[in-house]
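Our numbering applies: residue -16 is where the sequence shown begins, and numbers increase by one. Ideal Cβ placement from N, Cα and C applies to all residues, glycine included. Structure record follows, encoded as structure tokens.
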Amino acid sequence: MTSIRFLGAAGTVTGSRFLVQAPGGSILVDAGLFQGAKELRLRNWQPFPHPVDEIDAVVLTHAHIDHIGALPLLVREGFRGPVYCTPGTYDLANLLLPDSARLQEEEARFANKLGYSKHAPNARPLYDEEDALAAIRLLMPLRYGVRREIRPGIAITYHRAGHIIGSAMVQAEVKVESGRIHRMLFSGDLGRYDAPILPDPSAGVAADDLLIESTYGDRVHRGDPREDIKQAVFECIKRGGAMIIPAFAVGRTQEVLFQLRELEARKEIPELPIFVDSPMAIDATPMYLAHREDHDDEMARLVASGAEPLRPSRLVFARSPEQSRAINRMRGPCIIVSASGMATGGRVLHHLKQRLPEESTTVLLVGYQAAGTRGWSLQNGAASLRIHGEDVPVRARVTSITGFSAHGDKEEVARWLSTLPAPPGRIFCIHGEPPALGATAERLSARGWNARVAVDQEEVDLSA
Ligand SMILES: [Zn+2]
-16 MTSIRFLGAA GTVTGSRFLV QAPGGSILVD AGLFQGAKEL RLRNWQPFPH PVDEIDAVVL
44 THAHIDHIGA LPLLVREGFR GPVYCTPGTY DLANLLLPDS ARLQEEEARF ANKLGYSKHA
104 PNARPLYDEE DALAAIRLLM PLRYGVRREI RPGIAITYHR AGHIIGSAMV QAEVKVESGR
164 IHRMLFSGDL GRYDAPILPD PSAGVAADDL LIESTYGDRV HRGDPREDIK QAVFECIKRG
224 GAMIIPAFAV GRTQEVLFQL RELEARKEIP ELPIFVDSPM AIDATPMYLA HREDHDDEMA
284 RLVASGAEPL RPSRLVFARS PEQSRAINRM RGPCIIVSAS GMATGGRVLH HLKQRLPEES
344 TTVLLVGYQA AGTRGWSLQN GAASLRIHGE DVPVRARVTS ITGFSAHGDK EEVARWLSTL
404 PAPPGRIFCI HGEPPALGAT AERLSARGWN ARVAVDQEEV DLSA
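Laid out in structure tokens, this is it:
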């Protein structure tokens, strides 16, 4: 039997992993970690639900940890590759997998120190840096648009998804028992239309079966990020202090830099000192410039003209802790872009701790803030914030921009679906919270398409 099994991101957003078993072999599309609520994170500790030595290859859609973060676990269980990915994903995985391992190790150390783990004082990390490096050694870059037979009767082709650098949808052509070629399309995470830097999601990819991401299946993004950021800059100047932007190091930081430089180039904002204070963001920025295969026309033109599209004129990269601390002495209007994006950790905490008590400070939230994070508390008007064991009073002005997102909203996904050459025979809605999944399936069914929400762990026969 040729089949697909949903081993994660079914009924939930994280833990993307889909197993295709065919006469020519077994491939796993994405090997993501479960993130968020504790009952989800506990799933990372369970043995992989399929013998890993029976998996012939892994095919990655993009480098976000909920899509690649379980690779070191597979390797630990005995998987020996290969792992296919785009060149951009290859570079980002080299940055993100060791970082994920360090976070796991840190968490284990913390659990041991506080004794909250039931394994205390011997809590072990989910995986360590060595596991991450072993996983990286299995990566095999494959360019967009190149059809590659990775097993007898199983060919894959990457198409651009426009979500982050290297992001792709995967078209898998699988020969089933009857000799028929079955085309499966894995959307991966789909990006936005007309977003800066990245191209629109590739149009017109044929599919007999489609797995469609549904993150924003019940929502529409509002607002113009460039205009909103401009307003925030003027507010920051009026208040006379710093503007702190907590931002994800990969993707959001570069998008913010692009918009700020663009506003400067158009003389719509004055040139302010801008600090990027996150070693990972500093490492990811040259990758955003180097991967020209991931650039849209505007970005390509800017790069070709030598305009340095991610470098506002007074940009400073603060790599060392000394450079980071030096920002504390900065008075007057300036912009500090620092991770983490929800203020759950990282260097941004030092800046918030120092500047939240000042009325002249602006905090600009440019990303989704999950419930329970410091970012969420700020967004919801907290009068004080607990940072490094201290209660820090919030006198700063806090504003949110909602127009930034790396995921297409329901209208953008519908726009992409309308480019498919024909309605797929079956559509499985994945990668969303239940309301968003339900809304996506319902909308597609109303269009007369055969769509439903994928069920966790179910196996669907593709040979029929
Ligand atoms: Zn993603």
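By the neighbour-count criterion, in which 16 or more other beta carbons inside 10 Å mark a residue as buried, Q214 falls on the exposed side. DSSP places Y176 outside both helix and strand once states are collapsed to three, so it counts as coil. Nearest Cα to T44 within the set V381, E37, V66: V66. With a threshold of 6 Å, the Cβ atom of H142 does not count as near ligand 1, since no heavy atom of the ligand is closer than that.
For R284, there is no enclosing beta strand (DSSP E); the residue is part of the alpha helix (DSSP H) that begins and ends at 280 to 287. Residue range 40 to 42 is occupied by the beta strand (DSSP E) that includes V41. The beta carbon of T140 sits closer than 6 Å to those of R130, Q154, all from its chain and outside the five residues before and after it, given in chain order. Taken atom to atom, the span from the alpha-carbon of P55 to that of T72 is near 16 Å. Taking C-alpha positions only, S321 is separated from R163 by approximately 51 Å. Taken in chain order, the whole beta strand (DSSP E) runs of length 3 or more contained in the region 278 to 354 are 298 to 300, 317 to 321, 345 to 348. Secondary structure at E394: helix, using DSSP grouped into helix, strand and coil.
Taken in chain order, the whole beta strand (DSSP E) runs of length 3 or more contained in the region 127 to 205 are 131 to 134, 137 to 143, 151 to 158, 164 to 169, 192 to 196. Scanning its chain for C-beta atoms nearer than 6 Å, with the 5 sequence neighbours on each side dropped, one finds around V381 the residues V346, L361, in chain order. For D13, the closest C-alpha among the options P6, Q29, A53 is that of A53. When the Cα atoms are used, D111 and L97 turn out to be separated by approximately 20 Å. The C-beta of D444 has fewer than 16 other C-beta atoms within 10 Å across all chains shown, which makes the residue exposed. Burial state of T236 is buried, judged by a 10 Å Cβ sphere holding 16 or more other Cβ atoms. Sequence-distant partners of V3 (beyond 5 residues in either direction) whose C-beta falls short of 6 Å from its own C-beta, in its chain, are I(-13), I10.
Only residues of its own chain outside the window of five on either side were considered, and among them G145 have a CB closer than 7 Å to the CB of A178, listed in chain order. DSSP places F217 inside the alpha helix (DSSP H), whose first and last residues are 208 to 222.
Short of 8 Å from the beta carbon of N105, and not among the five residues preceding or following it, lie these beta carbons of its own chain, in chain order: N95.
In the pairwise beta carbon analysis, the region 185 to 201 is classified as not touching the region 275 to 287: fewer than three pairs are separated by under 8 Å. Around the beta carbon of P304, fewer than 16 other beta carbons sit within 10 angstroms, so the residue counts as exposed. Relative to ligand 1, the beta carbon of D172 is positioned inside 6 Å of a heavy atom. Excluding its 5 nearest sequence neighbours in each direction, F411 has C-beta neighbours in its own chain below 6 Å: L194, A437, listed in chain order.
For the pair of segments examined, the region 197 to 213 was found not to touch the region 309 to 324: the number of CB pairs separated by less than 8 Å stays below three. Between the alpha carbons of E416 and R312 lies a distance of about 43 Å.
Sequence-distant Cβ neighbours of Q337 in its own chain, meaning closer than 8 Å and more than five residues away, are N311. Shortest gap from the CB of H414 to any heavy atom of ligand 1: 6 Å or more.
Closest in alpha carbon position to V396, among A424, Y351, P30, P292, is A424. For T356, the CB contacts under 8 Å within the same chain, skipping 5 residues up- and downstream, are M325, A326, T327 in chain order. Judged by DSSP in its simplified three-state form, T72 adopts helix. Judged by DSSP secondary structure, A434 falls outside any alpha helix (DSSP H) and instead within the beta strand (DSSP E) spanning 434 to 436.
Beta-bridge partners of G(-9) (DSSP): R0. At a cut-off of 6 Å, the beta-carbon of H47 counts as near ligand 1: some heavy atom of the ligand is closer than that.
Take the alpha-carbon of G7 and the one of F217: they are about 60 Å apart.
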